[in-house]
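Novice: Below are the structure tokens for one structure; questions will follow.
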Amino acid sequence: MPAFPLMIPVRSLAMRLPGLLLAALCGCASGVGAADLHDVTDAPDVFATSSQVTNALPDLQSGDRPAPGYFGLGQERAVFGYTSRSEKWNAKLEQYMVDPALTFDYGRTLSSTFGAGGTITRQNTQSEVVVNGIFSPKKNVRFRLAGAQLRSTAGQIDGTDSLQQNSYLIGARKYWTNYEYLSDLGISAYTVEANSATSSTVSALTDPDTLDPGAFNPQMTASGRTDGYLLNLNLRPTDDSRIELRRELSHSTYYADMTALRNEMQSSNRIRFSQFLDDCVQVHGGYSSSADVDRLDLTVARDKWNIQLSRALHDNGADTAVRIGYLIPLGQSQFARRNCGAIGAPTFEPIVNATMKRPLALPGQPMAIGTIR
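Below, the structure written as structure tokens:
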């Protein structure tokens, strides 16, 4: 069931909902008044039909003039938000049929060159807060400073925090439009520190292949630290081609009661290329390697047809796959122009949008809890 947008003016409601959503995310339900609970109880079932959703929302706007508020409902996702020129927020309920996750994103531009924002996510067994600061002194230069805190209650019967993980990241990116080959360059450095809030069973393995335990203590507190960097370099050999280079290197140390039990060095590399040819033909391919698997893929596409060949090499052998696809656009005129794609000049997304996004380099799961392998 595709999501459908309903554009509504929610200026008065937008000033009220962030406080209610933050209270719900933090578990502070007592801060919601009786009148608010009464309104929610008496509200019609918005999940019934689209017409009932339309009737339930206040002050629906008529005409073609765009509105700052929006609402969308999909098969496993519901979104409600507000946006303006300098401010944006949205609340999302994802996977509400299986593992509900409530997310609240907020971003604001404080000036033409600086913005701040973040995201709060709450799930059954863990919650996370991410804060971003974006500084763009020039149109083609951008700096990011981010911090995150993840709390996990996995394995705790009483619901208390079993782990707290703090992450920090600093990054910079620049793109060029007047160089023949160089497109953009980005580098990020990050640190992750995880500490269990309660004593837990810890087992360090001296030989991961035979699962031979080297140390075991049910009263130890597991912790860990990861330091790493991420490098991205993109090239444009011609106007119709692009090469992407990515390298990530990290060093992790796992502790138990301040004693280092295990050190790990992990690296991942990726190279991808895209070439646009005549008659709407596109060629895409790449190679990636990590500690677990090496992967090759090649895709050739023309108009709505595409064929892909991929091969993955791992410890248990190799997997080869061939995929043939055909794109059927919905709701598009049969006389629409051909969309053959293009490389395009590098650019940054708006600052207010960047402040609401979680840096991909920061881990979204606990790195040190229970058994250390």
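Taking mature numbering (1 follows the signal peptide of the UniProt record, and there is no 0), I'd label the letters of the sequence shown as residues -34 to -1, 1 to 339. All residues carry an ideal CB built from backbone N, CA and C; glycine is no exception.
(1) Taking residue 290 as the reference, give the member of 278, 329, 56 and 270 with the closest Cα.
(2) Taking only runs of the beta strand (DSSP E) that begin and end inside the region 66 to 104, which ones reach a length of at least 3 residues, in chain order?
(3) What residue range does the beta strand (DSSP E) around residue 320 cover?
(4) Check this for me: beta carbons of residue 200 and residue 214, under 9 Å apart or not?
(5) What is the C-beta distance between residue 88 and residue 98, in whole angstroms, given that I count them as a contact (C-beta under 8 Å)?
(6) So residue 345 and residue 246 are supposed to be a Cβ contact under 8 Å. How far apart are they, rounded?
(7) Please go through the same chain and pick out, in chain order, the residues whose beta-carbon is closer than 6 Å to the beta-carbon of residue 43, but skip the five residues on each side of it.
(8) Kindly indicate which three-state DSSP category residue 260 falls into: helix, strand or coil?
(9) Measuring straight from C-alpha to C-alpha, what distance separates residue 145 and residue 204?
(10) Out of 242, 265, 267 and 277, point me to the one whose CA is closest to residue 259's CA.
(11) Pull up the distance between the alpha-carbon of residue 256 and that of residue 236, whole angstroms please.
(12) Need the endpoints of the beta strand (DSSP E) that residue 309 sits in, please.
(13) Considering only C-alpha positions, which residue in the set 317, 332, 330 and 153 is nearest to residue 105?
(14) Quick check on residue 40: does DSSP put it in helix, strand or coil?
(15) Could you spell out where the beta strand (DSSP E) holding residue 142 opens and where it closes?
(16) When the Cα atoms are used, what is the spatial distance from residue 39 to residue 45?
(17) Which residues share a DSSP beta bridge with residue 60?
(18) Determine, using beta carbons only, whether residue 278 comes closer than 9 Å to chain C.
(19) May I ask you to list the residues that DSSP assigns as paired with residue 135?
(20) Along the beta strand (DSSP E) that carries residue 279, what are the first and last residues, could you check?
(21) Should residue 315 be labelled buried (16 or more other beta-carbon atoms within 10 Å of its own) or exposed?
(22) So what's residue 161 in DSSP terms, helix, strand or just coil?
(23) Between residue 239 and residue 208, how many whole angstroms is the CB-CB distance? I'm expecting something under 8 Å.
(24) Which stretch, first to last residue, makes up the beta strand (DSSP E) that contains residue 231?
(25) With distance defined between alpha-carbon atoms, name the residue in 129, 147 and 153 nearest to residue 139.
Specialist: So, to answer that:
(1) Start at 1 with the first residue of the sequence shown, and residue 290 comes out as number 324. Cα-wise, what sits closest to residue 290 is 270.
(2) 67 to 75, 80 to 88 and 92 to 104
(3) Numbered from its first residue, the sequence shown carries residue 320 at position 354. First-last for residue 320: 317 to 320, but that is the alpha helix (DSSP H), not the beta strand (DSSP E).
(4) In the sequence shown, counting from the first residue as 1, residue 200 sits at position 234. In the sequence shown, counting from the first residue as 1, residue 214 sits at position 248. Taking 9 Å as the Cβ cut-off, residue 200 and residue 214 do not qualify as a contacting pair.
(5) Within the sequence shown, the letter at position 122 stands for residue 88. Within the sequence shown, the letter at position 132 stands for residue 98. So it is not a contact: roughly 18 Å between Cβ atoms.
(6) Lying outside -34 to 339, the shown extent of the chain, residue 345 is not represented and no answer is given.
(7) Translated into positions along the sequence shown, residue 43 becomes position 77. Excluding residues within five positions, the ones whose Cβ falls inside 6 Å are 60.
(8) Locating residue 260 in the sequence shown gives position 294, where the first residue counts as 1. When secondary structure is reduced to three states using DSSP, residue 260 falls in the strand class.
(9) Locating residue 145 in the sequence shown gives position 179, counting from the first residue. Locating residue 204 in the sequence shown gives position 238, counting from the first residue. Rounded to the nearest angstrom, the two C-alpha atoms are 11 Å apart.
(10) The residue labelled residue 259 in the question sits at position 293 within the sequence shown. Residue 259 has its Cα closest to that of 277, out of 242, 265, 267 and 277.
(11) Counting from one through the sequence shown, the residue named residue 256 turns up at place 290. Counting from one through the sequence shown, the residue named residue 236 turns up at place 270. Each residue's alpha carbon lies about 9 Å from the other.
(12) As a position in the sequence shown, residue 309 is number 343, starting the count at 1. For residue 309, there is no enclosing beta strand (DSSP E), as DSSP gives it neither H nor E.
(13) Counting from one through the sequence shown, the residue named residue 105 turns up at place 139. Ranking the options by Cα distance to residue 105, first place goes to 317.
(14) On the sequence shown, position 74 is the one that residue 40 refers to. Correct three-state label for residue 40: coil.
(15) Stepping through the sequence shown from its first residue, residue 142 is reached at position 176. Looking at the DSSP string, residue 142 is not in any beta strand (DSSP E), and its letter there is neither H nor E.
(16) Here the question's residue 39 lines up with position 73 in the sequence shown. Here the question's residue 45 lines up with position 79 in the sequence shown. Going from the Cα of residue 39 to the Cα of residue 45 covers about 6 Å.
(17) Locating residue 60 in the sequence shown gives position 94, counting from the first residue. According to DSSP, residue 60 bridges with 43 and 67.
(18) Structure shown: chain C not included; a single protein chain is present.
(19) Within the sequence shown, residue 135 is the residue found at index 169, counting from 1. Note: residue 135 sits in a beta bridge opposite 112 and 156.
(20) What you label residue 279 is simply residue 313 of the sequence shown in a count that begins at 1. That run of the beta strand (DSSP E) goes 271 to 280.
(21) Taking the sequence shown and counting its residues from 1, one reaches residue 315 at position 349. Exposed is the call here.
(22) Residue 161 sits at position 195 when you count from the first residue of the sequence shown. Looking at residue 161 - three-state DSSP - the assignment turns out to be strand.
(23) The sequence position of residue 239 within the sequence shown is 273, counting from 1. The sequence position of residue 208 within the sequence shown is 242, counting from 1. Residue 239 to residue 208, Cβ: 7 Å. Contact.
(24) For this step, residue 231 is matched to residue 265 along the sequence shown. Element bounds for residue 231: 225 to 242.
(25) If you number the sequence shown from 1, residue 139 lands on position 173. Checked all of 129, 147 and 153; the closest Cα to residue 139 is 153.
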